[in-house]
Every structure is written in structure tokens, then in C-alpha cells.
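Have a look at the structure below, then the notes.
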Amino acid sequence: MAKIKLNILLALPSTDFLAHIGGIYEKTPWVVEQFYNDNLSSTLDHAVVAATKDRISNVKILFDEIKQYVKEGGREKQLELLKSHPDLCLKLDPPSEKSSSDITRESRQEQGRAGLSTLTTEERTKFHEFNNKYKTKFQFPFILAVRNASKYTVLSALEGRVDSSIEEEIGCALSQVDKIAWMRLLTIVDYSEGSNGHGGFLTCHVLDTANGSPASGMRIELYRHEDGPESNGVRIQQRILLKSFLTNSDGRLGGPALSGTDFCEGQYEWVFYVGDYFAKYSLSRISGTPFLDVVPLRFGLDDPTEHYHVPLLVSPWSYSTYRGS
8 MAKIKLNILL ALPSTDFLAH IGGIYEKTPW VVEQFYNDNL SSTLDHAVVA ATKDRISNVK
68 ILFDEIKQYV KEGGREKQLE LLKSHPDLCL KLDPPSEKSS SDITRESRQE QGRAGLSTLT
128 TEERTKFHEF NNKYKTKFQF PFILAVRNAS KYTVLSALEG RVDSSIEEEI GCALSQVDKI
188 AWMRLLTIVD YSEGSNGHGG FLTCHVLDTA NGSPASGMRI ELYRHEDGPE SNGVRIQQRI
248 LLKSFLTNSD GRLGGPALSG TDFCEGQYEW VFYVGDYFAK YSLSRISGTP FLDVVPLRFG
308 LDDPTEHYHV PLLVSPWSYS TYRGS
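Just so you know, we're using the working numbering here: the sequence shown kicks off at 8 and counts up by one.
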């Protein structure tokens, strides 16, 4: 389904506004409804509505304002929201009429991407053990923003969080709920008409730590990982080459690798051809087979409104990276 432009969304009447984004918080439409009533309702002064539309210039600002209603909603409403989420075990067991009604379309799609249906017998037993312990202790289901998580991530997170204190886990679960709502919003709402994307961009810088200089002339490729066809209940990912680069004299790309409408959330991968680069220096020829030849670096872009700087510090024997700005 095509995304709706932000400026068009903000101009919709209440029923249409809620029809588009009222479901970003699982079975809890009051969150978005309260935001609308306080900021965009036709019953408000025109100046208030106009100020809201001017203030919300991108989807991140919209979400930041909506999620405050969860934060300020009080503990009772927060717990109701947590309990509205489906039990992850519903994905593991054969579907029933009850389980089908308990899980929304959005949750089913999100959980399907985690490959929980491929758990081995041992993994399934372990999952049920920790999941039952979690539900008994906290009295709400285990929640994890699983869209880009594997079954190993889910199992590891469940095992790590089951021993948290009640207060710690409520805070963690609410944070996961916000992440789920944010990911859902991004699948629905696009940047405003006339804007060149959401405003974020991706840059890179390569530093040669062996020679103490920028890595000039290094070949780099940028890939995007996308969902492909489903096989045996698991969504197969496709690796798509987006662009190729050659670093300039400063070890940079000469501009953003992605920006404007090309810059969107998802999983990406840099591929650095460091072996080719270090071949020009005799110091790297101490081995016929380079210790580092091709360095792949897979990373995620979660917010299309921000600047992501993903550099590489590299020598013939080591490398490191970080999220810069």
C-alpha cells in the first residue's frame, strides 16, 4: 500500500487520521486519538491547528509528540498497552481461532520476519520455558521489536530480560512498544509533498591507521538488504547493490552516499576493499594472503530524519567503526 504524505495526513479529519495511523500502538487507538484531539481537531482554534502543522515538519517530530501520550498516560494505561500485545508463543504453536483473533496483521507480519517458525525442538523448549517464566513474573507478554531481529536475537533478549526487576522490565517493554510503533509509522507515512526526502543522509570516512592518513583511493560498495520471497516459512533477504565509490584524497566520498528520497530506514552494508588498497604499500606484503582483504560492515538505519556517519578505521590487521554524526 502506498504511503501517505505527512502534510496530507495532518490535514485529514479524525476518522481518516485514525484509520491511517491509529493502529501503530497495538490495539490502543486512544494514544493517537488523544494526540489528534489535542492538536488537530476541528474543534480547536485554527491557530492551534496551524501551529501543529507548522511544527510537525517530519515524521520523527510527529512520533515524538504521539509517544508522549504513552509516557504520560499513567501506569494503569501503560500496563493495559503492554497486555494488548500478543504472546510470541502464538507464532510457535498451530494456529487456532483464538490465536488468530489475538494477533493483529501488523504483529503477524513483524513476527514472521524473525523466523520463529524455524525454531528447533531444543530452541522451542527453551523459548517456552523462558516465556512462561517471564509471563508468570511480569503478568504481561514478552515484547520485542522483532522486525529486524532473528530467532537468536529473540531468544537472547528473552533470556536476558527475564531476571530484570519489575520496574526495569516495564520501562524496557514500553521502550520496545515505542520502537514497534515507530517502525509501523514509517511504513505508513512518507515525507511531505515538496520535500526532498525525510532530511537524513549517510556519509562515510576511511582512515588508514597503519600509515596515519586518510585512505585515499579505496574502493567501496554500498548494498541494501531487503525482504525477498518466502521459503519454508522464512522470508529470504535480497542483497542489492546501490552504489560504488572510490574515496577521495581525504578518505571521503565527496558527499553523502545516500540522501533525499534515496535515504530510508532499513538494513545496509558497506563493503571495503582494504586488501586492494593496502597492496600499494610494501608493509602489507608481509603475507601472500592478506589478513584483511574485503571488509563487510552491515548496519541499520532506523531514523530517516537523521545523519548517519558510518566510518572505517583500518590497518592491514585490524579495523573498527562507530556511529558518528
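Note that beta-carbon positions come from the ideal geometry of N, C-alpha and C, so glycine has one too.
Could you tell me whether the Cβ atoms of T254 and I227 are closer together than 8 angstroms? On the sequence shown, position 247 is the one that residue 254 refers to. On the sequence shown, position 220 is the one that residue 227 refers to. In this structure, I227 lies closer than 8 angstroms to T254 by Cβ.
Practice task
Mind checking which residues open and close the beta strand (DSSP E) that includes D215?
Solution key: The count along the sequence shown starts at 1 and reaches residue 215 at position 208. Per DSSP, D215 is one residue of the beta strand (DSSP E) stretching across V213 to D215.
Q) Are the Cβ atoms of F306 and Y329 separated by less than 8 angstroms? A) The count along the sequence shown starts at 1 and reaches residue 306 at position 299. The count along the sequence shown starts at 1 and reaches residue 329 at position 322. Not in contact: F306 and Y329 (Cβ atoms no closer than 8 angstroms).
Which residue marks the beginning of the beta strand (DSSP E) containing W324, and which one marks its end? As a first step, residue 324 must be located in the sequence shown, where it is residue number 317. Neither: W324 is in no beta strand (DSSP E) and is coded neither H nor E.
Check your understanding: Does DSSP classify L47 as helix, strand or coil?
Key -> Position 40 of the sequence shown, counted from the start, is the residue given in the question as residue 47. In the structure shown, L47 sits in coil (DSSP, three-state: anything other than H, G, I, E or B).
My guess is that D197 and K67 are in contact by the Cβ rule of under 8 angstroms, so how many angstroms apart are they, rounded?
As a working mapping, residue 197 is identified with position 190 in the sequence shown. As a working mapping, residue 67 is identified with position 60 in the sequence shown. Their Cβ separation, rounded to whole angstroms, is 13 angstroms, which puts D197 and K67 out of contact at 8 angstroms.
Could I get the ranges of all uninterrupted beta strand (DSSP E) runs contained in the segment 266-301, with 3 residues as the minimum, in chain order? 273-279
Give a yes or no on whether the C-beta atoms belonging to N14 and S199 are separated by under 8 angstroms.
-> The residue given as residue 14 occupies position 7 in the sequence shown. The residue given as residue 199 occupies position 192 in the sequence shown. Against a cut-off of 8 angstroms, the Cβ pair of S199 and N14 comes out as a contact.
- Alpha carbon to alpha carbon, how far is L229 from M190? Locating residue 229 in the sequence shown gives position 222, counting from the first residue. Locating residue 190 in the sequence shown gives position 183, counting from the first residue. Approximately 23 angstroms between the Cα atoms of the pair.
Here's a check: name, in chain order, each residue in its chain whose Cβ is nearer than 7 angstroms to the Cβ of L248, leaving out the five neighbours to either side. In the sequence shown, residue 248 corresponds to position 241, counting from 1. Apart from the 5 residues on each side of it in sequence, L248 sits with its Cβ closer than 7 angstroms to the Cβ of E228 and Y230 in its chain, given in chain order.
Q: Run through the segment 240-265 for me and flag every whole beta strand (DSSP E) of 3 or more residues, listed as ranges in chain order.
A: 241-253
Exposed or buried, which one is D185 when buried takes at least 16 other CB atoms within 10 Å?
By one-based count along the sequence shown, residue 185 stands at place 178. Answer is buried; the Cβ neighbour count reaches 16.
Straight-line CA distance for L17 to N46?
Looking up residue 17 in the sequence shown gives position 10. Looking up residue 46 in the sequence shown gives position 39. Those two C-alpha atoms are separated by around 10 angstroms.
Item to complete: Following the continuous beta strand (DSSP E) through F147, name the residue where it begins and the one where it ends.
Response: Start at 1 with the first residue of the sequence shown, and residue 147 comes out as number 140. Taken as a continuous stretch (DSSP letters only), F147 belongs to no beta strand (DSSP E), as it is neither H nor E.
If I'm right that K90 touches F147 with Cβ under 8 angstroms, what's the distance once you round it to whole angstroms?
Residue numbering aside, residue 90 sits at position 83 when the sequence shown is read from its first letter. Residue numbering aside, residue 147 sits at position 140 when the sequence shown is read from its first letter. The pair is a contact, with the Cβ atoms about 5 angstroms apart (cut-off 8 angstroms).
* Strand pairing of I15, partner residues [DSSP] -> Within the sequence shown, numbered from 1, the residue matching residue 15 stands at position 8. Note: I15 sits in no beta bridge, so no partner.
Got a sec, what are the start and stop residues for the alpha helix (DSSP H) T194 sits in? By one-based count along the sequence shown, residue 194 stands at place 187. Element bounds for T194: I173 to I195.
- Item | Cα-Cα separation, S332 to G207 | Within the sequence shown, residue 332 is the residue found at index 325, counting from 1. Within the sequence shown, residue 207 is the residue found at index 200, counting from 1. Looking at the two C-alpha atoms, the distance is approximately 11 angstroms.
Check your understanding: What are the start and end residues of the beta strand (DSSP E) that includes T312?
Key -> Start at 1 with the first residue of the sequence shown, and residue 312 comes out as number 305. From DSSP, T312 is part of no beta strand (DSSP E); its letter is neither H nor E.
Exercise for review: Name the two residues that bound the continuous beta strand (DSSP E) containing T210.
Suggested key: Taking the sequence shown and counting its residues from 1, one reaches residue 210 at position 203. That run of the beta strand (DSSP E) goes F208 to T210.
- Task: Look at the Cβ atom of L344, then the Cβ atom of L299, and state whether they are nearer than 8 angstroms.
- Result: The requested residue 344 does not occur in the structure, where the chain is confined to residues 8 to 332.
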